[in-house]
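Peer 1: Numbering (the working numbering), first residue to last: 21 to 430. Glycine included, C-beta positions come from ideal geometry on N, C-alpha and C. One structure coming up, written as structure tokens, with questions to follow.
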Amino acid sequence: MFTKQLLTRTVANILFFLKRKQFKASKLKFLVFTGTAGKTTFRDAVTYALRSLDIPVQSNQLGYSNELGILLTVFGYSEFSLKNPLAWFSLLSKDLPKEGFICIELGADFYRDIKWLLNKFDPFAVFISGISNDSWSRDVKEIFAERKSLLEAVPKSGFVFYNLDDLAIIELIQKSSISAQTISISLNASKKALVTLNEWSRNIFIQSITKVFDDKERFVFTVEQAKIELILNRPIFEPQAYGILVTYSFIHKLFPNRVVELKKAFEDYQFSKDRLQIYKAKNGALIIEDSYKATPLCSYWFLDMSAKIKARKKILFITEMRPLTFNVSRFYSRLADKIKFAELVYFLGPSRYFNALHKTQPKVKHLSSKDYLIVADDILKQSSSEDLILLKGSFRYQLSHLRDLLVSKE
21 MFTKQLLTRT VANILFFLKR KQFKASKLKF LVFTGTAGKT TFRDAVTYAL
71 RSLDIPVQSN QLGYSNELGI LLTVFGYSEF SLKNPLAWFS LLSKDLPKEG
121 FICIELGADF YRDIKWLLNK FDPFAVFISG ISNDSWSRDV KEIFAERKSL
171 LEAVPKSGFV FYNLDDLAII ELIQKSSISA QTISISLNAS KKALVTLNEW
221 SRNIFIQSIT KVFDDKERFV FTVEQAKIEL ILNRPIFEPQ AYGILVTYSF
271 IHKLFPNRVV ELKKAFEDYQ FSKDRLQIYK AKNGALIIED SYKATPLCSY
321 WFLDMSAKIK ARKKILFITE MRPLTFNVSR FYSRLADKIK FAELVYFLGP
371 SRYFNALHKT QPKVKHLSSK DYLIVADDIL KQSSSEDLIL LKGSFRYQLS
421 HLRDLLVSKE
């Protein structure tokens, strides 16, 4: 374990020890969101729904939490300074909420935190979005075992919500001894999930990208035989569609009489910041940005999705996949094949990865964040309202800064 992670876990253990009586007396219900990709989209949607219904809930606004972040989330902190004595005084003086939901992300492929949580808390519900069946940051067998223990820790009175369209998740469910009630969600009606998509207009895939902001998105689905129709004010993509399904299924299970209240709340829901958002550029071009995470699983999905959208020209900005420690050559070879659809490709990352891409895709250009101002101006001159600009990568490369240079302020 790295020194920083060890320090974080040690501080978390100390804080838990100091507050152990309050934790033991509380009736908090931990909602755990796990998977390789899609955790934040699920967590934010469920959190948004609970808050819309005025149900007590705590959730870290900044995304994935380490062990200390999990405890800080319980106390309502999104930011905290370990070096600030006043911050510590405030935290240690603060009482723990006696009840409510705690939404946390756990079990990222590159982080070992599931065992720590299970030594201290029992999850009330687990939500599994999408998981990789190939080793990229750690051995998938190790990750599989950790997630299996998480599912098996949910009590009989709890719930496991899972994506039935993900083959790796199906294997995990089948090989786990789950006591809790399982609820499957699917975008494929033939799979007979408990929560199933019936109709989806998919505006961005079937009409000109110049019109995607003009028409509303129609989304019809069934939650355990109850049919629900949403008319959304902006286009959505698959991860967001799953987020809606899992949120409605959760509220239906716990607060069935309040499901009808969600309709108005979700009509204008924006989904998670920096995770798969859509914008209009200054010159009218369409921008799709997903600039927080760059795992192979979500990078490949983004590229496959982008290839299906009809546009006169496609311009792609993509960063290195990270933290990538397994099968590097194979992953970048596959990435090189998947970027063929774009007319212009800009890569941000180490030269060794750029060279691997450029070897088979000579059109790829190497870029650094210091070039954003110049390249943004150049792209706006080269593109028009019929073109698609794609931003995909790790938050470490701050593609959001490039987006801000491209996006219309209207």
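1) Please list the segments of the alpha helix (DSSP H) lying wholly inside the region 171–222, counting only runs of 4 or more residues, in order along the chain.
2) So within the region 221–297, which uninterrupted alpha helix (DSSP H) runs reach at least 4 residues, ignoring any that extend past its ends?
3) According to the neighbour-count rule (16 or more other Cβ atoms, all chains shown, within 10 Å of its Cβ), is residue 272 buried or exposed?
4) So, residue 126 versus residue 31, is the Cβ gap smaller than 8 Å?
5) Starting from residue 90, trace the alpha helix (DSSP H) in both directions and tell me its first and last residue.
6) Using CA atoms only, rank isn't needed, just tell me which of 143, 63, 220, 48 is closest to residue 95.
7) Whole angstroms are fine: how far does the CA of residue 299 sit from the CA of residue 307?
8) Residue range of the beta strand (DSSP E) that residue 42 falls in?
9) By DSSP, does residue 144 sit in helix, in strand, or in coil?
10) Please name the residue in 317, 187, 39, 61 whose C-alpha comes closest to that of residue 91.
11) Measure the CB-CB distance between residue 361 and residue 327 and report whether it falls below 8 Å.
12) Please confirm whether residue 208 and residue 234 have their CB atoms less than 8 Å apart.
13) Using a Cβ-Cβ cutoff of less than 6 Å, which residues in the same chain neighbour residue 346 once the five nearest sequence positions on both sides are dropped?
14) Going by the beta-carbon positions, is the gap between residue 236 and residue 251 smaller than 8 Å?
15) Between the Cα of residue 439 and the Cα atoms of 192, 376, 413, which residue gives the shortest distance?
16) Touching or not, the region 329–339 and the region 362–374, by the rule of three or more beta carbon pairs under 8 Å?
17) Going by C-alpha to C-alpha distance, which of 141, 77, 54 sits closest to residue 42?
18) For residue 9, which residues does DSSP report across the bridge?
19) Let's see if you can read the secondary structure: which residues bound the beta strand (DSSP E) around residue 367?
20) At the level of alpha carbons, what is the spacing between residue 226 and residue 330?
21) Measuring alpha carbon to alpha carbon, tell me which residue in 406, 23, 122 is nearest residue 71.
22) Hey, would you say the C-beta of residue 23 is under 7 Å away from at least one heavy atom of the ligand NAD?
23) Could you check whether residue 199 and residue 168 sit closer than 8 Å to each other, using their CB atoms as the reference points?
24) For residue 59, name the three-state secondary structure that DSSP assigns.
25) State the DSSP-derived secondary structure class of residue 299, mapped to helix, strand or coil.
26) Count Cβ pairs between the region 135–152 and the region 101–114 that sit closer than 8 Å; are there 3 or more?
27) In chain order, what residues of the same chain lie with their CB nearer than 8 Å to the CB of residue 352, ignoring the 5 residues before and after it?
28) Quick one: Cα of residue 388 to Cα of residue 369, how far?
29) Can you say whether residue 80 is buried or exposed, counting buried as having 16 or more other CB atoms within 10 angstroms of its CB?
30) Would you give the residue range spanned by the alpha helix (DSSP H) that residue 410 belongs to?
31) Are the Cβ atoms of residue 315 and residue 152 separated by less than 8 Å?
32) Around the C-beta of residue 241, are 16 or more other C-beta atoms found within 10 angstroms, so that it is buried, or is it exposed?
33) Starting from residue 380, trace the alpha helix (DSSP H) in both directions and tell me its first and last residue.
Peer 2: According to the structure data:
1) 187–194
2) 223–226, 258–274, 282–287
3) buried
4) No.
5) 87–94
6) 48
7) Distance between the alpha carbons of residue 307 and residue 299: 5 Å.
8) Annotation: residue 42 is outside any beta strand (DSSP E); the continuous alpha helix (DSSP H) that includes it extends over 40–45.
9) strand
10) 39
11) yes
12) no
13) 155, 156
14) Going by C-beta atoms, residue 236 is nearer than 8 Å to residue 251.
15) The requested residue 439 does not occur in the structure, where the chain is confined to residues 21 to 430.
16) yes
17) Measuring C-alpha to C-alpha distances from residue 42 to each of 141, 77, 54 identifies 141 as the nearest.
18) Residue 9 is absent from the model: the chain starts at 21 and stops at 430.
19) Unbroken beta strand (DSSP E) run through residue 367: 364–368.
20) 8 Å
21) 122
22) Looking at this structure, you won't find the ligand NAD or any other ligand, since it has none at all.
23) no
24) Residue state, collapsed to three classes: helix.
25) DSSP places residue 299 within a strand segment (E or B) once states are collapsed to three.
26) no
27) 341, 373, 376, 377
28) Their backbone Cα atoms lie some 8 Å apart in a straight line.
29) By the neighbour-count definition (other C-beta atoms within 10 Å, threshold 16), residue 80 is a buried residue.
30) From DSSP, residue 410 is part of no alpha helix (DSSP H) but of the beta strand (DSSP E) over 408–412.
31) yes
32) Residue 241 comes out buried.
33) 371–380
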